[in-house]
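> Sequential numbering of the sequence shown, starting at 931, is according to the numbering used here.
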Amino acid sequence: MVTTNTTWALALADATARLAAAGLDEPEVDAALLLGHVVSASRTMVRLFADRLLDPAQATALERLVARRLRREPLPYVLGYQEFMGLRFACDQRALVPRWDTEALAERAIAALRAACARRPEEQPCVADIGTGSGILAVTLAHEVPRARVWATDRSAPALALAAENAAALGVAARVIFAEGHLAGPLPRDVAFAGIVANLPYIPSGELSGLQPEVRDWEPTSALDGGADGLDLLRELATAAPAYLSPRGWLLLEHADDQSDAVRDLLAERGYADLEVVRDLAGRDRAVWGVWRP
């Protein structure tokens, strides 16, 4: 247990040993991040200044954070934030933990929006993020493409509140419109969207019980459960999206790494063209892109 006047090195070793005994995958990384959070230091600084001492307040704070992680609470919830595309997002149980593999969607959408801006400098492309959660996609798109007009929907009022907090903290609140409701339903009918991006629940219902404790026991089930085969909401959005898309507007759907064929098929069946599988930084299939051609 961490006590007052413990050096950073000993505190790190103690936390690492306890987290390892609890079966965590990366106990030393987690311990270094928790200690760094308490002492306002990077992981590198934690090791460089290993002989520094924890003061009483720091020792108490670290002990509380380690105890939360020992209960398998996700590290980003414990820290209160998660990095995404170089931006720091507030993170808590109101929404899923942002994951780095979703950056593949952001990068693809950013490229498409920048291309639209280059083709028509006089216009502001409109884009929607469906099921925004903590707002990582909507906020990142607004941050990276200042000319874009961004709408973000979610059926969870608490998630939308978190997303709005992130938009404000990152300086884009004036350029993101948040709307509560199911899928694309809250979007305005008089706006032709250049694109729609969505990271919807895609885990098959029967697989939820087998997820890691951090996911199964802490993250909102409504943001995970995608129905019998995981694709219920993806099908529904793919069917509804053309009513909101401009001619040659695009739809970009995140999915599990073994679902790309099924998602390609459901888009093809609904008339989308120019289908493209987007891969994440690990080279895994992560999303499917399709263009609506009425």
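Virtual Cβ for every residue (Gly too), placed ideally from N, Cα, C.
Count the other C-beta atoms from every protein chain shown that fall within 10 angstroms of the C-beta of W1030, then say buried if there are 16 or more, exposed otherwise.
Per the 10 Å Cβ criterion, exposed.
> Q1012 bridges to which residues according to DSSP?
Answer is F1019.
> Excluding sequence positions up to five away, which residues of its chain have a Cβ less than 8 angstroms from the Cβ of A1058?
Cβ within range, chain order: V1080, W1081, A1082, T1083, A1114, L1117, F1123, G1125, I1126, V1127 and Y1174.
> If you check the beta carbons only, do A1258 and A1034 fall under 8 angstroms apart?
There is simply no residue 1258 to check, as the chain begins at 931 and stops at 1224 in what is shown.
> Tell me which residue opens and which closes the alpha helix (DSSP H) that D985 is part of.
Careful: D985 lies outside any alpha helix (DSSP H) and carries neither H nor E.
> Alpha carbon to alpha carbon, what distance is there between P1143 and S1152?
Looking at the two C-alpha atoms, the distance is approximately 16 angstroms.
> Is the beta carbon of S1064 less than 8 angstroms from the beta carbon of P1088?
No; because the gap between Cβ atoms is not below 8 angstroms, this pair is not in contact.
> So, at 8 angstroms on beta carbons, what are the nonlocal neighbours of P1006 in its own chain, with the 5 sequence-adjacent residues on each side left out?
Same-chain partners within the cutoff: Q1012, C1021, V1027 and P1028.
> Please identify the residue among A945, A989 and A951 whose C-alpha is closest to the C-alpha of A962.
If we check each option's Cα against that of A962, A945 comes out closest.
> With a Cβ-Cβ cutoff of 8 angstroms, do V1221 and D1195 count as a contact?
Taking 8 angstroms as the Cβ cut-off, V1221 and D1195 do not qualify as a contacting pair.
> Is the stretch 1041-1054 touching the stretch 1099-1115, taking contact as three or more C-beta pairs under 8 angstroms?
Flag = no, the stretch 1041-1054 and the stretch 1099-1115 do not touch.
> Helix, strand or coil, according to DSSP, for P1143 in the structure here?
Reduced to three states, the DSSP call for P1143 is helix.
> What's the C-alpha gap between G953 and R1001?
Cα-Cα distance, rounded: 11 angstroms.
> Would F1019 be called buried (16 or more neighbouring beta carbons within 10 Å of its own) or exposed?
F1019 comes out buried.
> Assign R1049 to buried or exposed, taking buried as 16 or more other Cβ atoms, counted over all protein chains shown, within 10 Å of its Cβ.
Exposed.
> D944 by DSSP, collapsed to three states: which one?
Looking at D944 - three-state DSSP - the assignment turns out to be helix.
> Can you tell which of R1214, R1077, A1093 and A1045 has its C-alpha closest to the C-alpha of L1067?
Of the listed residues, the one whose Cα sits closest to L1067 is A1093.
> For a minimum of 3 consecutive residues, which ranges assigned as the beta strand (DSSP E) are wholly contained in the stretch 1010-1082?
With a minimum length of 3 residues, the continuous beta strand (DSSP E) runs that stay inside the stretch 1010-1082 are 1011-1014, 1017-1020 and 1056-1060.
> Between H967 and the rest of its own chain, which residues show a CB-CB distance below 6 angstroms, the 5 nearest in sequence each way excluded?
Result list for H967: L1009, in chain order.
> Report whether the distance from the Cβ of N1129 to the nearest heavy atom of the ligand NAD is below 7 angstroms.
The ligand NAD is absent from the structure shown, which contains no ligand whatsoever.
> Identify every run of the alpha helix (DSSP H) within the stretch 1119-1173, keeping only runs that are complete inside it and at least 4 residues long; order them along the chain.
List check, alpha helix (DSSP H) in window: 1143-1146 and 1162-1170.
> With a CB to CB cut of under 7 angstroms and the five nearest residues on each side skipped, what residues in its chain are close to T937?
Contacts found: A980, D981, R982 and L983.
> Out of L965, R1178 and L1017, which one is the CA nearest neighbour of Q977?
The question names Gln, but residue 977 in the sequence shown is Arg. Here the closest residue by C-alpha is L965.
> Are E1003 and W1148 closer than 8 angstroms when you measure CB to CB?
Contact flag set, yes.
> What residues match up with E1184 in a beta bridge as DSSP calls it?
Partner(s): A1217.
> Going by the CB atoms, is the gap between A1042 and W1180 shorter than 8 angstroms?
Their beta carbons are under 8 angstroms apart, which means W1180 touches A1042 by this criterion.
> Could you compute how far the alpha carbon of A950 sits from the alpha carbon of P986?
In a straight line, the C-alpha of A950 is about 25 angstroms away from that of P986.
> In whole angstroms, what is the alpha-carbon distance linking L1163 and P1131?
So the alpha carbons of these two residues sit roughly 7 angstroms apart.
> Within its chain, find whatever has a CB closer than 7 angstroms to the CB of P957; leave out the 5 residues flanking it on each side and keep chain order.
Cβ within range, chain order: T946, L949 and A950.
> Looking at A1198 and G1160, is the spacing between their C-beta atoms short of 8 angstroms?
Cβ atoms of G1160 and A1198: not closer than 8 angstroms.
> Just tell me which of Q988, R973 and R1038 has its CA closest to the CA of L1211.
If we check each option's Cα against that of L1211, R1038 comes out closest.
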